[in-house]
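Engineer: Okay, handing you the structure first.
Residue numbers (our numbering), protein chains in the order written: chain A, 2 to 362; chain B, 727 to 1051.
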C-alpha cells in the first residue's frame, strides 16, 4: 500500500503562480485532487468600493496581467454601458487591434511555458522573443509593457503613431508560428505527452462553465467575439478542435493566433483610412453615475471575462464583480487529473492555461 | 589576522556575488518580467544568475516577484527559512516593497515583505522592467562584494532569532488574522491527518423541486440555458442579491435570474456543477450558506479569517498584520 497525500505548490515552478494541489496518490497514480486557491487573493472587488471609477481603472489590468487590454475593456465597456455612451468607430477598431495583439502575446507566452513544463526548454526562448516584439509595440503606444491603462471611458487614451510597425510584427509571428509547428506538431515526444490526455467532452465543459480555447478544443463553437458588436465588421473563423485532449487545446491556441493575426491586419487596413476622434472627450475626474448595473462580456485568451459594475449615484462603484475563465478551469482539475500519473499533472494543468491572478482576483 | 580575513572575504564574496542562484518564486505580474529577464533578449546569464532553482534549499537569492497576501505570508517565511545561508532577498515590484497599488482599500495584502523577511534590495515599479531587475542583481552583487564573513554571521544570527519569533507568532496568537491560516506550512502533518481526502462535489443532494429557485433553474436549463456563467452576489444591506447568470448555446444569449436572500439559499450544484466554486466564494465573501452544498468552505481567504469582506458592514482595518512588534 503506497497510498499517500502529496502536496504540490503553492511554490511550484510549473503552476505559474501560486496554485496548491493536494493530490491523493497511490504510487504514481492519482486517485483524487483538491485545489486550494486564494494565495494571490488581493481583494480587487472590495478595492473598487473604496475608489472612484477613474482610480480603479489602472488596477483592472492586474486582474489578469497577461491580457490587460481585455480586462480594461471589460471594465471600461461596463462603465460606458452605465453612462450610455457610444465610442467613436476609430477607437473601437484600435481596441480590437490591441486586444487581438494581446491575445497573440498571451498565447505565445502560454506556448513557451507549457513546453517548459513538459521539459522542452528552447521553445520558451523562441516564443518570448516574438512576444517581446508585441510588447515593444505596446510600450510605444501606452508607455508600459504589461499594465497598459490605455483604454479610457469613451475611447482610447492617445493616437497610435507607429501603426506601420504592426504588419511586420504580424508577418514575423506567422513565419515563426510555422517554425513552432515544425518542431512540435509532429514531434513524437510532444504527441505522446499530450494526445489522449486530460480528455474533456463538451457536455462536461458546459456543466463546469468552461469557456474559451479549452471549450473550443472540446468540439464547441462558442466564441463570445461572434456575439460582440465590436467584432461584427471583422472576418475570422472560430478555431476549433474535436478531441478535447491537451493536444487539441494546443492546436486551438495555435489556430487562434492565426485568426488573431487576420483580425489585426484587417484592423490596420481600417485604421489607415479611419478618421475622427479617438475618444468622446469625457472628463472622467469626479465621474458620478446614476443607479444602475451593467455587465460587459469579452472573450479573453482564457475564456469569458465578465465585469459587472453596479452604480449607486456616487462617484464610487457600489459593487464590481469579475467573472473569469480560469476560475472555472481550476474547478475542473480534479475531474481531469483523476486516474492519470503524477507526471501528467503539469501536462494537463498547463494545457488549461490557468492564470492564478484571474482565479484569486 | 585581518589580512587573512579580508583575503578570504574577497574570494568568498567574489564567488558568491557572481553565482547568485535565484529561487523560482513568482506570485504575480512581476514573475512574468522575471521570466522575460531569463529569456534571450535580456539574458540574466551574463551576470551568473541564470540557474533558477526550484527548491529553496539549492537557492541563495529569493527574488520575491509579486504580491504577498496574508495566506501566502507563512509560505514566504517558510521558504526563506529553508534556504541555505548566505541568502539574499530582492523585493521585486511595488507590491513586495510596500503593498503597491494594493496597500489601500483592500484587506488581504501584506504591505511589504520586509514585515516578514529581511530585504537586501528594493526594486519598485509596477512591474519593473527586465533591465531594472538586472540592475537590482548588479546592486546586490556590489553589496555582497563589500561584505565581511564576521558581520554576515552576526546579521544572520540576529535575523534567525527574529524569524523564529515570527514563526511563533504565527502559531500562537489566535487574534492575528493570518494566524493558523496554513498551519500545515509550519507543520505539514496537521492538515494531512486531520481529515480524509475531500471528494470533489458529487451530487449529494436530491433537488427539492418544490423550491422556486431550483424549479425555475431546472426549467431554464431544460429550455436550453446550459451554462451557468457566474453567480453574482451583491450586498444591499437589507438583503443579498444573487444573480444567476445563465447562457444558452442554443439561443446565443444571456439570462439573468435574480433572487434575494437573507442568509441561506438553495445550492444549485445538482443542476450546474460549476456553481460549487461560486457558492464557496459567496459563502466566503458574504456569509451565505447553501442548503445542499455539503463542502462549503472558505475559498479565497484563509480558513481562520474573521468576517465576510464583501459585506458592506465589513471594516477594513489599517493596522493589518504586525509582525515586527
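Backbone N, C-alpha and C define an ideal beta-carbon position, used for all residues, glycine too.
1. Just grab the DSSP bridge partners of residue 958/B for me.
2. Can you pull the chain C residues whose beta carbon is under 8 Å from the beta carbon of residue 798/B, in chain order?
3. Given a cut-off of 7 Å on the beta-carbon distance, is the pair residue 789/B and residue 818/B in contact?
4. Is residue 779/B helix, strand or coil when you go by DSSP?
5. Using a beta-carbon distance below 7 Å, is residue 351/A in contact with chain B?
6. How many Å lie between residue 880/B and residue 812/B at the Cα?
7. Does residue 35/A come out as helix, strand or coil in the three-state DSSP assignment?
8. Answer with yes or no whether the minimum CB distance from residue 329/A to chain B is below 7 Å.
9. List the residues of chain A whose Cβ lies closer than 8 Å to the Cβ of residue 889/B, in chain order.
10. Near residue 1000/B, which residues of its chain fall below 7 Å by C-beta distance, leaving aside the five closest residues on each side in sequence?
11. At what residue ranges does the segment 259 to 322 of chain A contain a whole run of the beta strand (DSSP E), taking only runs of 3 or more?
12. Just to confirm the assignment, what range does the beta strand (DSSP E) spanning residue 1/A have?
13. For residue 752/B, which residues does DSSP report across the bridge?
14. Closer than 8 Å is the cut-off here; do at least three beta carbon pairs connect the segment 973 to 980 of chain B with the segment 990 to 1005 of chain B?
15. When DSSP builds the beta bridges, which residues end up paired with residue 737/B?
16. Please list the partners that residue 51/A has in chain B, where partner means a Cβ-to-Cβ separation under 9 Å.
17. Excluding the 5 residues flanking residue 328/A on each side, which residues of the same chain have their C-beta closer than 6 Å to its C-beta?
18. Who pairs with residue 5/A in a beta bridge, going by DSSP?
19. Assuming residue 231/A and residue 96/A are in contact, meaning their beta carbons sit under 8 Å apart, how far apart are those beta carbons, in whole angstroms?
20. Using three-state DSSP, classify residue 1039/B as helix, strand or coil.
21. To the nearest angstrom, how far is it from the Cα of residue 910/B to the Cα of residue 59/A?
22. Please report the distance separating the alpha-carbon of residue 123/A from that of residue 353/A.
23. Given this structure, state the Cα-to-Cα distance separating residue 841/B from residue 822/B, to the nearest angstrom.
24. In the DSSP assignment, what are the bridge partners of residue 818/B?
25. Can you confirm whether residue 934/B, when its beta carbon is compared against all beta carbons of chain A, has any partner nearer than 7 Å?
26. Give the residues from the segment 284 to 305 of chain A that approach chain B closer than 9 Å (Cβ to any Cβ), ordered along the chain.
27. Around the C-beta of residue 847/B, are 16 or more other C-beta atoms found within 10 angstroms, so that it is buried, or is it exposed?
28. Just to confirm my understanding: we take residue 1061/B, look at its own chain, exclude 5 residues before and 5 after, and list those with CB closer than 6 Å. What are they?
29. Between which residues of its own chain and residue 254/A is the CB-CB distance below 6 Å, once the five residues before and five after are set aside?
30. Below 8 Å on C-beta distance, what does residue 361/A contact in chain B?
31. Using three-state DSSP, classify residue 974/B as helix, strand or coil.
32. DSSP has residue 1016/B in a bridge; who is on the other side?
33. Starting from residue 808/B and walking both ways along the alpha helix (DSSP H), at which residues does that stretch end?
Structural biologist: This is what the structure holds:
1. 969/B
2. Within the model displayed, chain C is absent; protein chains A and B are what it includes.
3. yes
4. strand
5. No, no contact with chain B.
6. One C-alpha to the other measures close to 12 Å.
7. strand
8. Yes, because at least one Cβ of chain B sits closer than 7 Å to the Cβ of residue 329/A.
9. By Cβ distance, chain A contributes nothing, its closest Cβ being about 17 Å from residue 889/B, past 8 Å.
10. 954
11. 293 to 301 and 304 to 312
12. Because residue 1/A is not part of the residues shown, which for chain A are 2 to 362, the question remains open.
13. 791/B
14. no
15. According to DSSP, which records beta bridges pairwise, residue 737/B is partnered with nothing at all.
16. Here the neighbours are 830, 831, 832 and 1042.
17. Excluding positions up to five away in sequence, the list reads 360.
18. 26/A
19. 7 Å
20. coil
21. With a pLDDT of only 30 at residue 910/B, under the threshold of 50, the placement of this residue in the model should not be trusted; the figure read from the coordinates follows. Their Cα atoms are separated by approximately 36 Å.
22. When rounded, the separation of the alpha-carbon atoms in residue 123/A and residue 353/A is 21 Å.
23. About 10 Å.
24. 791/B and 849/B
25. Unreliable placement is indicated for residue 934/B, whose pLDDT of 42 sits below 50; the coordinate value is still reported in the next sentence. Nearest CB-CB separation between residue 934/B and chain A: not below the 7 Å threshold.
26. 294, 296, 298 and 305
27. buried
28. The question about residue 1061/B has no answer, for chain B in this structure spans 727 to 1051.
29. 108 and 214
30. 1026
31. strand
32. 991/B
33. 799 to 808
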